[in-house]
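Asker:
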Ligand code: BEZ
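Residue numbers (this note's numbering): 43 to 359.
Listed below in C-alpha cells is the structure:
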C-alpha cells in the first residue's frame, strides 16, 4: 500500500463516484477501480458499498477515510517543512484576510523585506478557513485571520483584539452624532455582513455579537467582501460592523462611530504549522511586536501634539 492508494481512495470517498474521482485525479476510470480493489484486497475488507447510489462508504471505509485524510495532510506538511529546513526554494508565504491590509500587515511586510532581502515574501489573500487548509497543504507558511478555529496540527496566537466600529451612511439618522453607539441601536437597521462563504466566517462572528445580546438585526444582507459592504453602506443600503483599522478607507458618503460594548472586537489571529521552527517565522513574530511598539509610540506622540499646551497659573499683575 502506498500514498497513491490513499489519495485515490480519498478522492472516491469524497466524490462518491468513480467517474468524478477519475476526472479530479486526471486518470481514467479502470486504473482507479483497480487501485481501490487492490487496497480492499490488501486490507481484506470492503471500503465501499458499490450497490448504493450514490456510492457509499462502509463503516470500515468511513474510519479509513478519516485516517487517510490525516495521513495525506501530514505528508503535505512534512514535504513543506522538509523543503523549508533544507532551504530549497526558501520563501515566506503569508495568507491574509483583506481587512488586515488596513492594519499593521503592510508595515510588517515592508520591515521583513528590508531585514531579509534574500527571502522572497509572497502575500496571498485567503479567508481564515482557507488559511487552515493551505497551511496543512504546505501552500502558505503563516496565516493572519479573524476567526477562531481549533485544529490540533496548527499553532494559533491571538495577536490583539481590535475594536469594531459601525460604518453608517452620512444621511442616516445614526450619523447625526459621532460618539459611541450601541449594538441595540444598530440592530434596528439592516446590516451588511461579509464574507458570504466559506463559513464560519467574520460574518458569523458579527451575527453572534448581536445574538449574544438577544438581538436579531432588522435585515441581513451577505456580500463577499468588505469593500463591497462599504460600497453598499455608501449607497444607503444598511450599516456594517468593520474593524477600526478599516476607517482608513475614507469615503465621503460613510461615517464611522465607535461602539459602546467593550466586547465588540475582532481578533487578529496568527496561525502556523504546529512544529514549524523556521527562523523566518520567528523574525516575522518579532517584527509584529516591533510594529506594535512603534504604533503605540506614534499614537502617544499624536495625542501629545493634539493636547492643549498647559501653562502655569497666571501670575497676578
Ligand atoms: C494587526 O493589524 O495587528 C496585524 C495585521 C496583520 C498581521 C499582524 C498584525
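From the three backbone atoms N, C-alpha and C, an ideal C-beta is built for every residue, glycine too.
Fair warning: this is a prediction, and the values are worked out from it, not measured in the lab.
When you compare each of 96, 95, 81 to residue 89 by their alpha carbons, which one comes out closest?
Answerer: Answer by Cα proximity: 81.
Asker: Taking residue 269 and residue 232 to be in contact with their CB atoms under 8 angstroms, please state how far apart those CB atoms are, rounded to whole angstroms.
Answerer: Actually they are not in contact, since the Cβ atoms of residue 269 and residue 232 sit about 18 angstroms apart, beyond 8 angstroms.
Asker: Flag this pair as yes or no: are the beta carbons of residue 226 and residue 206 separated by less than 8 angstroms?
Answerer: Not a contact, by the Cβ cut-off of 8 angstroms.
Asker: If you measure from the CB of residue 287, is any heavy atom of the ligand BEZ nearer than 7 angstroms?
Answerer: Indeed, a heavy atom of the ligand BEZ lies less than 7 angstroms from the Cβ.
Asker: Mind checking which residues open and close the alpha helix (DSSP H) that includes residue 67?
Answerer: Segment 60 to 67, the alpha helix (DSSP H) holding residue 67.
Asker: How is residue 113 classed by DSSP in three states: helix, strand or coil?
Answerer: Of the three classes helix, strand and coil, the one that applies to residue 113 here is helix, per DSSP.
Asker: Does DSSP put residue 173 in a helix, a strand or coil?
Answerer: Reduced to three states, the DSSP call for residue 173 is helix.
Asker: At the level of alpha carbons, what is the spacing between residue 44 and residue 116?
Answerer: Roughly 14 angstroms separates the two Cα atoms.
Asker: Determine, using beta carbons only, whether residue 308 and residue 204 come nearer to each other than 8 angstroms.
Answerer: Taking 8 angstroms as the Cβ cut-off, residue 308 and residue 204 qualify as a contacting pair.
Asker: Let me check you understand the geometry: is the CB of residue 114 closer than 7 angstroms to at least one non-hydrogen atom of the ligand BEZ?
Answerer: False, no ligand heavy atom lies under 7 angstroms from that Cβ.
Asker: Put residue 358 into one of helix, strand or coil per three-state DSSP.
Answerer: With a pLDDT of 44 at residue 358, under the threshold of 50, the modelled position of that residue is not reliable, and the figure given next carries that caveat. If DSSP states are grouped into helix, strand and coil, residue 358 belongs with coil.
Asker: Is residue 306 near residue 251, with beta carbons less than 8 angstroms apart?
Answerer: Their beta carbons are under 8 angstroms apart, which means residue 306 touches residue 251 by this criterion.
Asker: I'd like to confirm something about residue 176: is its beta-carbon nearer than 7 angstroms to some heavy atom of the ligand BEZ, or not?
Answerer: No, Cβ of residue 176 sits at least 7 angstroms from all heavy atoms of the ligand BEZ.
Asker: Considering Cα atoms alone, identify which of 152, 228, 132, 165 is closest to residue 301.
Answerer: With distances taken between Cα atoms, residue 301 lies closest to 228.
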